[in-house]
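Using full-length UniProt numbering, the first residue of the sequence shown is number 1, and each one after it goes up by one.
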Amino acid sequence: MNQQLEAKIIKPKLGLLKLVKQFNNVQKACEIMGYSRDSYYRFKKLHDQGGEAALLEISRKKPIKKNRVKPYVEQAVVDMAYKYPSYGQHKVANELKLQGVTVSASGVRSIWLRHNLECFKKRLSALEKKIKQDGSALTKPQLQTLEKITKRKKACEEVDMHYPGYLGIQDTYYVGCIKGIGKIYQQTFIDTYSRLAIVKLYADKNAQVTDDLLKDRVIPLFDKQNVPLLRIQTDGGTEYWGKKETHIYQHYLKLKGIGHTKAKTYSPQTNKICERFHKTMKKECYDVMFRSKIYQSLYEIQQDVDCWMTFYNKERPHSGKHGYGKTPWQSWMDGRVLTKGRQFDHFFVPSGSQSPPSSILVKP
């Protein structure tokens, strides 16, 4: 700081101190110089302690001390994260309170953030690393948590898809309510190997429409291409499941010798193929159609949907597991070779089974 600037800063403060001595009146001197009495006493104290140099501008910024809990509290929170990785911040705070350690739920989260333990996956990963390093035995809560995660991973395993017709997925999709037409539901069938999709629109969702899709479009295609359909997976909706004796959909599957399995609940992986297709169809088909044309009947919508489905199956490349950039129709035609010369015996999945059989007898 140059001397002129220093003099400019110090001069009014020294003037206030001299004026107080001259008038012998703090209040009057402060009014003349435009300072408060507090400022005068602060200047006087600084001048008495350090002379004129102490009257230079001093930064008022004070370092903000981080609000940290005591070390033993932080260690208790970290230990709890390893011991009970599935506990949330409120649960941990309550458990520690019972042990005589007081910390808020937000304080628990702050400690987790500092130690990279803020989410369940990170706490679980840290626990696995700690076990590998220390070689310590797992406690009962830790074992229960790891078993739960293992079950979730198994539930989210990839859907089997070995060749066309090995597994088909059927699902119901609500398109929307169109003025003058009413509610529209879409029945979707997808071959999991080739991603070949077959859809048909209906005004309702029940066993009759799910059965109609198979009879009208799915089974004729498989028969024409000489590809056997082994199994169909659906959700637990009443349009797919009911009394075996009277449910038209299940009766038709049994008549055709097609296995029927139910997708696991709370397991989006088992039905992700249909969900992804519906998302694509809404974005690329329905959103465009309903903005460019006013439809008067379900038949008109079905015609435009059929045109788009031809594009989807035969012109649009797919990047699925067996797609490799080919169209679903190309994947279907190429995969037909895998079904030739194979005979499938004794393949039947009882209605109501929650998962596919562990093995299928295939005789070359």
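Beta carbons: idealized from backbone N, C-alpha and C, even for Gly. A quick note: this is a predicted structure, and the numbers were derived from the prediction, not measured.
Do you know how far the Cα of V218 is from the Cα of F277?
-> 17 Å
Alpha-carbon spacing of R37 relative to C30, whole angstroms = The straight-line gap separating the alpha-carbon atoms of R37 and C30 is approximately 6 Å.
Between I10 and F23, what straight-line distance do the alpha-carbon atoms span, to the nearest angstrom?
-> The straight-line gap from Cα to Cα measures roughly 20 Å.
With 16 other CB atoms within 10 Å as the buried threshold, where does H90 fall?
-> exposed
Alpha carbon to alpha carbon, what distance is there between Q225 and Q343?
-> Bear in mind that a pLDDT of 43 at Q343, under 50, signals an unreliable position, so the number given afterwards is only what the model happens to contain. Whole-angstrom Cα-Cα distance: 16 Å.
Distance, Cα to Cα, L213 vs H260?
-> 15 Å
Kindly indicate which three-state DSSP category T339 falls into: helix, strand or coil?
-> helix
Where does R68 sit, in a helix, a strand or coil, going by DSSP?
-> coil
When the Cα atoms are used, what is the spatial distance from Q27 to K66?
-> Per the coordinates, the alpha-carbon of Q27 lies some 40 Å from the alpha-carbon of K66.
By Cβ distance, which residues of its chain are closer than 6 Å to K314, with the 5 residues on each side in sequence left out?
-> Taken in chain order, the residues that qualify are T327, W329.
Quick one, are the C-beta atoms of A197 and E239 less than 8 Å apart?
-> no
Measure the Cβ-Cβ separation of L127 and Y82 and say whether it is below 8 Å.
-> yes
Can you tell me whether K132 is buried or exposed, with buried defined as 16 or more other CB within 10 angstroms of its CB?
-> exposed
Whether L17 touches K44 by CB criterion (8 Å) = yes
What runs of the alpha helix (DSSP H), each 4 residues or longer, lie entirely inside the stretch 233–300?
-> 248–256, 272–281, 287–292
Give a yes or no on whether the C-beta atoms belonging to L201 and Q296 are separated by under 8 Å.
-> no
Return yes when the Cβ of T188 is within less than 8 Å of the Cβ of Y174, no when it is not.
-> no
DSSP state of R231 mapped onto helix, strand, coil = strand
Residue burial classification, R291 (beta-carbon count within 10 angstroms, cutoff 16) | exposed
Answer with buried or exposed for residue 388, where buried requires no fewer than 16 other C-beta atoms within 10 angstroms of its C-beta.
-> Since the first and last residues shown for the chain are 1 and 364, residue 388 lies out of range.
Neighbourhood of residue 443 by C-beta distance below 6 Å, restricted to the same chain and skipping five residues each side | For residue 443 there is no data in the structure shown, the boundaries of the chain being 1 and 364.
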